[in-house]
Structure formats: structure tokens, C-alpha cells
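In terms of my numbering, the sequence shown opens at residue 1 and continues consecutively. Glycine included, C-beta positions come from ideal geometry on N, C-alpha and C. What you are looking at is a predicted structure, and each value in this text was computed from that prediction instead of being measured. Some notes on the structure that comes next.
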Amino acid sequence: MKATDVTIVRRQVKAIAVPFGNEVELMPGQEVLVTQDKGGSFTLNVNGNLLHLDGKDADAIGKQVVKYPVEGYDIKPGDPINMDAVWDQMKTVYDPEIPVNVVDLGLIYNVVTRKLDNGNFHVIIDMTLTAPGCGMGPVLMTDVERRVAMLPNVDKVDVVMVFDPPWNSELMTEEAKLELGLF
């Protein structure tokens, strides 16, 4: 299945309205258009309205549930935090309106780790939005938090919303700018 494929909802499932952030219920038999399939989550067009479907519910539209954390890191209990793995996890979170992940969009400002008494880690992430009033902010923050929390040796994740400095397109990677046609 490619993005922009029509599919039928297979089971009742909750999605999030884009950009408002309110919950919407999809019913079995309902026709949806998959407009974005990135990072294990989906953007659906339902009667002209965009919805964000979490990857854990991929089976509701006939897709395979993506397993996290990202592979390729051999992290064992007691190992120090692997910052590459943290950043790679965040790169699996995509803005449902923009086909670019939150890292390449320049939404992640800072990542700090603190070792806990049990030897595991607390990860604190400073994140912004492309627009302060974006209703998807809480959804993106929760997605980042959940993805990073899946890493071994991470016991706690806090995503802190910051607006200083304000986001601008100069914070995007070159790849993101190319994807969005900003060159």
C-alpha cells in the first residue's frame, strides 16, 4: 500500500483530528484515504478531514504495526544512554501535516540525560512547534515521549514545550527543506 491509497477501516479505532487535536472515532467499513505513511503512524483523509492514526492501531487500516525501538543498537541493561538511539527514536515521529520528522523539522532544541539511582536514565527533551497554537503539539510531544521511553535503560522521559527561540524554517535540515521544496 502506498500513501494516497484508499482503504477500508477494519475495526473501530480512535484517531486524532489534524490540526485540532480532538479525538475522532472511525468505524468498521468506513473508507479512508492514506495520505501519509511515515514513522509507523498514518495521516488519513476522511471526507476532506485529516486524521492522525497512531502506529499501534495500524491493523485497523490493514497495515502492519511497526515495532520500536529502532534496531541496530545493542543496548544491554546497565549500559550508558545511547544518544544516537535517542535521536533516532525521535526521528520516527512525523508531523501528520508535513512529511518530515520532528528532528529534521528542527522541533527538537535540546536533549539532556540524568542518571537515576537505579542506574537507568531520565531523558529531558526541549521541543517546540512550527506554530505556538498548533493543536497537534500534545500529540507530537506524547509520540516523542513514548518512542524515547521504549529504549532500554530509559525509565523516565519528559518533553518540555519551549517557544524561545521561536521556530523558523532555518532550523530545518537540508533534507527537510528539499522534501518540502524550500530550495
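The DSSP-derived three-state label of residue 114 is strand. Per DSSP, the continuous beta strand (DSSP E) segment holding residue 44 begins and ends at 41-46. When rounded, the separation of the alpha-carbon atoms in residue 65 and residue 57 is 7 Å. Here the C-alpha atom of residue 127 lies approximately 6 Å from the C-alpha atom of residue 162.
Around the beta carbon of residue 119, fewer than 16 other beta carbons sit within 10 angstroms, so the residue counts as exposed. Take the alpha-carbon of residue 111 and the one of residue 166: they are about 17 Å apart. About 7 Å separates the CB atoms of residue 151 and residue 75; that is less than 8 Å, so the two are in contact.
Assigned with DSSP and collapsed to three states, residue 148 falls in helix.
Secondary structure within the segment 26-108: the alpha helix (DSSP H) runs of 4 or more consecutive residues, fully enclosed, are 83-90 (chain order).
With contacts defined by Cβ atoms closer than 8 Å, residue 21 and residue 94 do not form a contacting pair. The C-alpha of residue 12 lies about 6 Å from the C-alpha of residue 26.
For residue 176, the enclosing alpha helix (DSSP H) starts and ends at 174-179. Inter-residue distance for residue 101 and residue 91 is about 5 Å (C-alpha atoms, whole angstroms). Rounded to whole angstroms, the separation of the alpha carbons of residue 122 and residue 155 is 6 Å. For residue 123, the enclosing beta strand (DSSP E) stretches over residues 121-127. In this structure, the beta-carbon distance from residue 15 to residue 51 falls below 8 Å. Looking from the CA of residue 153, the closest CA among 81, 48, 17 and 45 belongs to 81.
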